Every structure is written in structure tokens, then in C-alpha cells.
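Undergrad: I have a structure I would like to understand better, so I am pasting it below and will then ask my questions one at a time.
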DNA sequence: TTTATTGTTACTTTAGGGGTAACAAATGTT
DNA sequence: AACATTTGTTACCCCTAAAGTAACAATAAA
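Chains as they are written, first to last, in the numbering used here: chain A, 1 to 259; chain B, 1 to 259.
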């Protein structure tokens with residue numbers, strides 16, 4: 001039998017906490033609706049010697065029902081119930097863990113001025129956190145419409161409550177986004193997309209300065225994305241200056257004298 | 001340092017998918033708010049040689065932020081975010097698994113007449129399922145107020161739509177429950193709480209007959225609970241007869257002649 | 001009685017995670 | 001500059017859970 005037991009499903013069940021054999025056997029019994037150990041073995045290729053133990057475990061967990069006899073028959077409990085139970089247990093566990101973690105922070109937020117974030121999720125998460133904290137002014141640079149679009153909703157919301165300056169390297173590529181953009185000078189564009197340090201080429205994709213005191217920049221080095229959070233007001237001011245100078249002359253005066 | 005890292009928390013995080021060392025290190029960094037590898041090592045007792053790899057993994061997963069340097073510093077991402085992410089991924093996984101499981105049932109419900117359930121959860125789950133399917137008549141026997149109470153809500157609801165007969169072995173012990181009970185004869189009580197088969201003593205705790213065609217009985221054998229589901233109309237009729245005979249005479253006639 | 005099937009047991013193998021020791025590289029100290 | 005300390009890495013061992021294998025008793029079927 002090569003019924004092949006959707007390996008994706010097996011992997012999902014493993015991630016829900018079953019062992020590989022448990023997953024296979026449960027899927028087998030669900031497929032067969034009602035089956036003997038041998039039938040499950042033939043469908044799943046789990047060694048017959050192992051089946052019995054696994055079936056016992058699953059029955060004890062409440063995922064299977066049993067009809068004693070020779071051979072013994074097994075029947076799967078409705079997947080909705082089973083997955084639901086697993087989910088509930090997991091959620092409880094998550095809630096408990098979160099409570100316990102929140103009790104840990106004895107010390108005051110020793111907030112350090114520079115941090116580097118390596119995961120995609122972490123980067124976006126942190127950007128949202130910063131956007132959520134903006135009070136008055138926000139300056140955004142982006143060279144990637146796709147990346148910027150991720151935060152469209154947040155930015156739209158902020159537009160109502162604070163001054164936003166959106167700077168991009170090519171107006172053309174951003175025209176589908178519902179914002180008013182300013183363009184950088186050609187020199188800056190060339191510069192920013194071609195920074196090489198120690199043989200590694202950096203590509204600045206995104207940059208935010210929030211209220212002139214907190215910044216996060218996203219760049220890719222090689223094929224890896226990375227973000228740097230900087231909270232030093234001085235650094236941010238310098239960076240802000242750079243962006244000021246980098247805007248096309250026509251935009252500079254009318255907008256930035258108010259700062 | 002014997003700060004002892006709440007072992008319950010470590011276990012919870014393990015159940016959420018971290019390894020033991022990952023859990024310890026994450027908790028360590030959350031506790032310290034911002035720390036070097038060595039500090040984490042000293043707080044958690046995870047071998048220093050292992051710390052670096054673990055920290056890297058956690059950073060890549062987005063649970064930590066990094067400040068490069070010598071020594072490198074690490075900072076924990078807000079637990080709410082981290083646990084939230086883990087939870088979301090798990091839920092997605094559960095949903096996907098459920099969809100895939102639901103696609104499996106090629107065959108018609110080969111529903112067999114006799115099944116045995118070994119897990120506490122499975123038993124209660126199945127009882128609720130049966131209660132949910134009752135159309136006209138329900139007969140319940142119980143010798144355990146605690147167990148019966150579990151289904152108080154479901155029974156209250158059913159009272160409105162169908163005939164319910166609740167039979168108990170000692171009225172006294174059930175008087176706190178908001179139902180009208182009937183009592184079994186003393187002989188039956190003695191009989192039911194003292195069945196010995198092959199040297200094992202069985203204790204019938206609970207029994208339901210739904211619409212005269214489906215029954216589930218819960219008994220404990222030794223210190224294990226077990227339930228048997230029977231869907232044979234004949235067997236159920238016999239069982240119903242037994243219960244009819246078992247009621248105190250005063251109750252029998254006025255209620256059961258209508259059946 | 002023979003044969004096949006069911007269920008059990010004992011053993012091997014493998015992989016992942018954890019622990020230890022030793023070393024190179026970077027930093028600090030005299 | 002020489003030395004000591006700390007940081008970060010590597011290689012190795014150990015243990016365990018889980019998977020795979022093989023052989024055997026108990027039961028049912030022929």
C-alpha cells in the first residue's frame with residue numbers, strides 16, 4: 001500500500017506534539033474509520049511490533065476508542081474534538097508561560113541604545129512597535145515598495161496625528177501606494193544601494209526616524225536581512241540631517257524649516 | 001547563583017516547542033533584561049559552551065535582539081510578542097491539520113456497535129456527544145454526584161426538550177443537585193457496586209440510555225476508569241429493562257407505563 | 001494437528017539534545 | 001611586550017526517546 005499518508009499532515013501533527021508513529025497511526029485510523037492493528041500497519045508502514053504500543057498510548061490520550069476482541073478494533077475520535085483538545089491544552093500552556101514571564105522582569109528597563117535584529121518577524125514586529133509610539137514626527141525612507149506596503153495601515157493611521165515625511169529613491173515604483181512621496185537625489189540613491197564593507201555589500205531598504213530620537217534601519221547584507229535599532233538622539237539627528245540633505249532641493253526648504 | 005529559573009515555566013516553554021536550554025536561556029535574558037552570554041550562563045547554569053549557539057538560534061527565531069561587540073549583548077523581545085507568535089503558528093498548524101484530517105474520511109461511517117474508551121477526557125467528550133444527540137428520552141443512572149455534576153448544564157438543557165429519568169443509588173448524596181431523582185432498590189445498589197470478574201472489582205459509576213438505542217456506561221476497574229459505548233438497540237432495551245426493575249416500586253408504575 | 005494471525009518482548013540503531021574539555025581569538029593588565 | 005583573563009568556537013562523549021528488527025508465545029482458523 002502506498003497510500004502515502006500526506007507527509008505534510010504528519011509533520012503538522014508532530015508539531016502538535018505527537019511522535020511520528022503516533023501521527024501516522026492516528027491518520028491511519030482516521031482514514032480507515034475503524035480498523036485492526038494489522039490494517040493500520042499495512043496502511044501506514046509503521047512496524048507491526050510498534051503499532052500496539054502506539055495504539056494504546058493514543059487510546060489513553062483519548063484520541064482513539066477501542067473494541068476489545070481478537071483482533072482488537074480501533075476507531076478514531078472525531079478529529080475536530082482531538083485537535084480542539086490539543087489546541088486548548090497548548091493555549092493554556094501559553095497563557096501560563098506568559099504570566100510567568102511577565103513576573104520575571106525584576107529590573108527596570110535597562111534600555112540600551114543600539115540593537116540588532118536578525119529575524120524577519122522580529123524586524124517587522126519592532127517596526128510596528130516603534131510606529132505605535134510615534135507622537136509628533138516621523139521620517140521614513142524606503143527603497144522597497146513591497147516592504148513599505150506592509151505598514152500601509154499603520155502609516156495611514158499616523159498621518160492623522162503627526163507629521164510624516166516619506167522619502168523614496170524612485171517615485172515611479174511607489175506610485176501605487178496611497179501616500180505623498182519625496183524623492184532622494186540620484187547621488188544618494190546610488191550611494192545607498194551600493195555600500196560595501198569588508199567585501200560584503202549592504203543594501204539599505206528601509207529607514208525610520210521617530211520623533212527625532214529613535215530610529216530603525218533595515219538593510220540586507222548578502223542574502224540576509226537585518227535591522228538596527230538606534231535610540232541615541234545624537235545619531236538620529238545626524239541621520240535626520242543626512243536625509244534632509246538627500247531630498248531633492250525643491251522639497252527641502254518648504255517642508256523642513258518648521259522642524 | 002541559585003535563582004532557580006521557575007522550573008514550571010521552563011517546562012511550559014518546552015511544551016511550546018523550545019528545547020530545555022533554549023527555554024532557560026530565554027528566561028535568563030528576560031530576567032536580566034539585557035545581558036552578555038556569560039551573565040546568562042551564570043544565571044541559568046546552561047554550559048557556557050552551549051550558550052552561544054542557543055542565543056544565535058533564539059535571535060534567528062526573533063525572540064532576542066542582539067548588540068554586536070565583545071562581549072555581544074542580548075536583549076529579550078517582549079514575551080507577549082514572542083508567546084503570541086508561537087501561539088499563532090501553533091494555531092495555524094492545528095487548523096491546517098484539521099482540514100487535512102477532514103479530507104481523509106473516504107469511507108462511510110462504519111459505525112460499530114461497541115466501543116471502549118480509556119481516557120477521562122474521551123469519556124466525558126463522548127458523553128457530551130451522546131447527550132447532544134438525544135431526541136426524546138434519556139435515562140441516566142449515577143452513583144457519583146461529582147461525575148453527574150459535570151453534565152449538569154447539558155442535562156438542564158435537555159429537560160426542556162425530552163423526558164429525562166435520573167436514577168441514583170442514594171438520594172441523600174445527590175440532594176444538592178437541582179434535579180428530581182429516583183432511587184434504585186437496595187439490592188441493585190449492592191449488586192452494582194460489587195461486581196467482580198476475574199478477580200477485578202468493577203464499580204459502575206454512570207450509565208446513560210439515549211432514545212432507547214444508544215448507551216454509554218462508565219465503570220472503574222481497579223483504579224482505572226473506562227467507558228463502554230453500546231449502540232445495539234437490543235442490548236439497550238435489556239439494560240433499560242434492568243433499570244426499570246431496579247427502581248423503587250413506588251416509582252415504577254407511574255412513570256414507565258408510558259414507555 | 002497444522003497453519004496463520006495476533007499480540008508481546010527483547011534487542012539494535014539513530015538522532016537530538018545536553019554536558020565537558022580544550023583551544024584560538026580578542027581584550028585587559030602589569 | 002608579556003602575561004592573564006575573557007570571549008567565542010570546536011570536538012568529543014553521554015544519555016534518552018523513538019524508530020526499526022527479529023524472534024516468540026498465545027490465540028484463532030484451517
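All C-beta atoms, glycine included, are put in the ideal place defined by N, C-alpha and C. The structure presented is a predicted model; accordingly, all values stated were derived computationally and were not measured.
Could you give the distance in angstroms between the alpha-carbon of residue 150 of chain A and the alpha-carbon of residue 203 of chain A?
TA: So the two alpha carbons sit approximately 19 Å from each other.
Undergrad: With 16 other CB atoms within 10 Å as the buried threshold, where does residue 49 of chain B fall?
TA: Under this definition residue 49 of chain B is an exposed residue.
Undergrad: Anything in chain B within Cβ reach of residue 174 of chain A, meaning under 8 Å, just list it in chain order.
TA: Ordered by position in chain B, no residue passes the 8 Å Cβ test against residue 174 of chain A, which lies about 27 Å from the chain.
Undergrad: Over what stretch of residues does the beta strand (DSSP E) that includes residue 66 of chain A continue unbroken?
TA: It spans 64-67 - the beta strand (DSSP E) in which residue 66 of chain A sits, taken as one unbroken run.
Undergrad: Given a threshold of 16 other Cβ atoms within 10 Å of its Cβ, counted over all protein chains shown, does residue 28 of chain A qualify as buried or as exposed?
TA: Looking at its Cβ environment, which holds 16 or more other Cβ atoms inside 10 Å, residue 28 of chain A is buried.
Undergrad: For residue 85 of chain A and residue 163 of chain B, I'd like the C-alpha separation in whole angstroms.
TA: In a straight line, the C-alpha of residue 85 of chain A is about 31 Å away from that of residue 163 of chain B.
Undergrad: Using a Cβ distance threshold of 8 Å, determine whether the stretch 24-44 of chain B contacts the stretch 69-80 of chain B, with at least three qualifying pairs required.
TA: Yes: at least three Cβ pairs fall under 8 Å.
Undergrad: Look at residue 24 of chain A and residue 46 of chain A and say whether their C-beta atoms are less than 9 Å apart.
TA: Yes, these two residues count as a Cβ contact at 9 Å.
Undergrad: Using a threshold of 9 Å, state whether the C-beta atoms of residue 141 of chain A and residue 184 of chain A are closer than that.
TA: Yes, these two residues count as a Cβ contact at 9 Å.
Undergrad: In chain A, what lies closer than 8 Å to residue 86 of chain B by C-beta?
TA: Those are 94, listed as they occur along chain A.
Undergrad: So which of B/126, B/211, B/172, B/179 has the shortest CA-CA distance to residue 139 of chain B?
TA: Residue B/211 is the option with its Cα nearest to residue 139 of chain B.
Undergrad: Using a Cβ-Cβ cut-off of less than 8 Å, give me the residues of the stretch 3-20 of chain B that come near chain A, in sequence order.
TA: Taking 8 Å as the Cβ-Cβ cut-off against chain A, the residues of the stretch 3-20 of chain B that qualify are 6, 8, 9, 12, 13, 15, 16, 17.
Undergrad: Can you confirm whether residue 79 of chain A, when its beta carbon is compared against all beta carbons of chain B, has any partner nearer than 9 Å?
TA: Closer than 9 Å: yes.
Undergrad: Starting from residue 165 of chain A, trace the beta strand (DSSP E) in both directions and tell me its first and last residue.
TA: It spans 163-168 - the beta strand (DSSP E) in which residue 165 of chain A sits, taken as one unbroken run.
Undergrad: Does DSSP put residue 214 of chain A in a helix, in a strand, or in coil?
TA: The answer is strand: DSSP assigns residue 214 of chain A an E or B state.
Undergrad: Nearest-angstrom Cα distance between residue 33 of chain B and residue 43 of chain B?
TA: Those two C-alpha atoms are separated by around 12 Å.
Undergrad: Tell me the rounded alpha-carbon separation between residue 56 of chain B and residue 126 of chain B.
TA: Using only the alpha carbons, I get a separation of about 46 Å.
Undergrad: In whole angstroms, what is the alpha-carbon distance linking residue 189 of chain B and residue 169 of chain B?
TA: For residue 189 of chain B and residue 169 of chain B, the distance between alpha carbons rounds to 6 Å.
Undergrad: Counting only C-beta atoms, is residue 31 of chain A closer than 9 Å to chain B at any point?
TA: Taking Cβ atoms only, chain B reaches closer than 9 Å to residue 31 of chain A, which makes this a yes.
Undergrad: With distances taken between CB atoms, is the gap from residue 6 of chain B to residue 100 of chain A smaller than 9 Å?
TA: Yes, the pair counts as a contact, with Cβ atoms nearer than the cut-off.
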